[in-house]
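S.K.: Each residue of the sequence shown is one higher than the one before, starting from -7 at the first, in our numbering.
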Amino acid sequence: MKITCLGSGAWGFTLASLLAGNGHDTVLWSRNKAVVETLEKQKEHPKFPGIRMEPSLKVTTDFKSAIEHGEIVLESVTTGGIRETLKLILDMDPNFSKPLVLSSKGIEQKTGLLVDEIVMDVMGEKFKEKIGCISGPCIAKEVMQKLPTSCVCSGYDSALVEELMQVFTNPYFRVYPNSDMAGVEFGGAMKNIIAIACGMSDGLGYGANTKSAIMTRGLHEIRKLSVVKGCNPETLNGLAGLGDLCTTCLSPLSRNYRFGFLIAEGVSPENAKKKIGMVVEGVNTCLSALELGKKANISLPITQAIVDIVYNELAPLDAVRGLLTREIKKEHL
-7 MKITCLGSGA
3 WGFTLASLLA
13 GNGHDTVLWS
23 RNKAVVETLE
33 KQKEHPKFPG
43 IRMEPSLKVT
53 TDFKSAIEHG
63 EIVLESVTTG
73 GIRETLKLIL
83 DMDPNFSKPL
93 VLSSKGIEQK
103 TGLLVDEIVM
113 DVMGEKFKEK
123 IGCISGPCIA
133 KEVMQKLPTS
143 CVCSGYDSAL
153 VEELMQVFTN
163 PYFRVYPNSD
173 MAGVEFGGAM
183 KNIIAIACGM
193 SDGLGYGANT
203 KSAIMTRGLH
213 EIRKLSVVKG
223 CNPETLNGLA
233 GLGDLCTTCL
243 SPLSRNYRFG
253 FLIAEGVSPE
263 NAKKKIGMVV
273 EGVNTCLSAL
283 ELGKKANISL
293 PITQAIVDIV
303 YNELAPLDAV
313 RGLLTREIKK
323 EHL
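Structure representation (structure tokens):
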């Protein structure tokens, strides 16, 4: 198939490489001319030194030609950038109706919308059947190394989901269908907050006991809040929930984990983001999640602690003390 990939960050480039490697006629669009020039000259992505680019993958800064090329459009432009990108598509083609596959993981600030809800807000409810998403425990570098990986594909049209499964699946990248779009997206967004907390825990020198508690109670927070978005709680026990949570909380390759680790070492949030050099979705998602929780009167102590550390200058050690001295309640699973 002809496929257009929007966004040349680590994950966008990884998915574009996977699709090109699967034999699809793939074009990767980036607004960053320097990245495109690097890819064209060095045949390597700056985030993956030593890993050669798929020979058939084409790169461009020409948005119009990129959109016209694809029978399917894949977005990897971050949650904060997707609304602007969609408006660019509509400005160019008001009748745009190609399938749009979402790979960004987050909750929009102020609106509390998941990524597919942002799409429908911009493109209209009629576009609903054209939306798909891919999510799960996928560290970009490991996929680039072709290590065995499993993920989830969701959408509102079962035929589109089946098509996307065939497009993405190969011997090292296994794709499972899941009809719960809200649950798949919500799990992928919320785990980034808990990953920041786990990075902080390791940065403070705590052990496996601490991190296990953070992950377990973090999953509890995710499940509690998931009802606000109409998710199927069982989805959160699968690849897009628990699976993604484990990978992001345990791997030092996770940018959200690394962000938390740097904060625990005394690096400021702004400098930590600069050191990582990519968008840390959990930094924005924690604010959106906390706002959703407050509106629904749902307590989110770990999320609150991350917000206080990142935005209100609370010291990580003080946050730990606060969490450990909270009133003990029954464990609800």
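Just so it is clear, CB atoms sit at the ideal spot from N, CA and C, and this is done for glycine as well.
Just so we're clear, the structure is a prediction, and the values are computed from it rather than from any experiment.
Pair every Cβ in the region 259 to 277 with every Cβ in the region 203 to 218, then say whether three or more of these pairs are closer than 8 Å.
M.R.: Taking 8 Å as the limit for Cβ pairs, the verdict is that the region 203 to 218 does not touch the region 259 to 277.
S.K.: Going by beta carbon distance, what residues of the same chain come within less than 6 Å of Y168, once the five residues before and after it are set aside?
M.R.: The answer, listed in chain order, is V144.
S.K.: Pick out whichever of N184, A205, L31, S48 has its Cα sitting closest to the Cα of T71.
M.R.: For the residues N184, A205, L31, S48, the minimum Cα distance to T71 belongs to N184.
S.K.: For T295, verify whether its CB is less than 7 Å away from any heavy atom of the ligand ZN.
M.R.: In the structure on display, the ligand ZN does not appear, and there are no ligands present to speak of.
S.K.: Taking the alpha-carbon of P86 as reference, which of G98, E226, F119, S193 has the nearest alpha-carbon?
M.R.: Among G98, E226, F119, S193, the Cα nearest to that of P86 is on F119.
S.K.: To the nearest angstrom, how far is the alpha carbon of G197 from that of G62?
M.R.: Roughly 48 Å between the two C-alpha positions.
S.K.: So, are the CB atoms of S68 and C(-3) less than 8 Å apart?
M.R.: Yes; because the gap between Cβ atoms is below 8 Å, this pair is in contact.
S.K.: Taking the C-alpha atoms as reference points, what is the distance between R247 and G195?
M.R.: Those two C-alpha atoms are separated by around 14 Å.
S.K.: When DSSP labels each residue in this structure, what does P261 get in the three-state scheme?
M.R.: Note: P261 maps to helix in three-state DSSP.
S.K.: Could you give the C-beta distance for Y249 and G175, rounded to a whole number, given that I count them as a contact under 8 Å?
M.R.: Not really, about 23 Å apart at Cβ, beyond 8 Å.
S.K.: Please classify A288 as buried or exposed, where buried requires at least 16 neighbouring CB atoms within 10 angstroms.
M.R.: It is exposed - the Cβ of A288 has fewer than 16 other Cβ atoms within 10 Å.
S.K.: Go ahead and pull the three-state DSSP assignment for P41.
M.R.: Note: P41 maps to coil in three-state DSSP.
S.K.: How would you call N170, buried or exposed, if buried means at least 16 neighbouring beta carbons within 10 angstroms?
M.R.: Burial call: buried.
S.K.: Indicate whether N276 and Q101 have their beta-carbon atoms separated by less than 8 Å.
M.R.: Yes, these two residues count as a Cβ contact at 8 Å.
S.K.: Mind checking which residues open and close the alpha helix (DSSP H) that includes R250?
M.R.: That run of the alpha helix (DSSP H) goes 247 to 256.
S.K.: Which residues bound the alpha helix (DSSP H) around C190?
M.R.: That run of the alpha helix (DSSP H) goes 173 to 195.
S.K.: With a CB to CB cut of under 8 Å and the five nearest residues on each side skipped, what residues in its chain are close to R44?
M.R.: Once the five neighbours on either side are set aside, the close Cβ partners of R44 are K35, E36.
S.K.: Could you check which residue in S89, L49, P41 has the C-alpha nearest to that of G15?
M.R.: Out of S89, L49, P41, L49 has the C-alpha closest to the C-alpha of G15.
S.K.: Between the Cα of G(-1) and those of P47, E226, S95, spot the shortest distance and give me the residue it belongs to.
M.R.: If we check each option's Cα against that of G(-1), S95 comes out closest.
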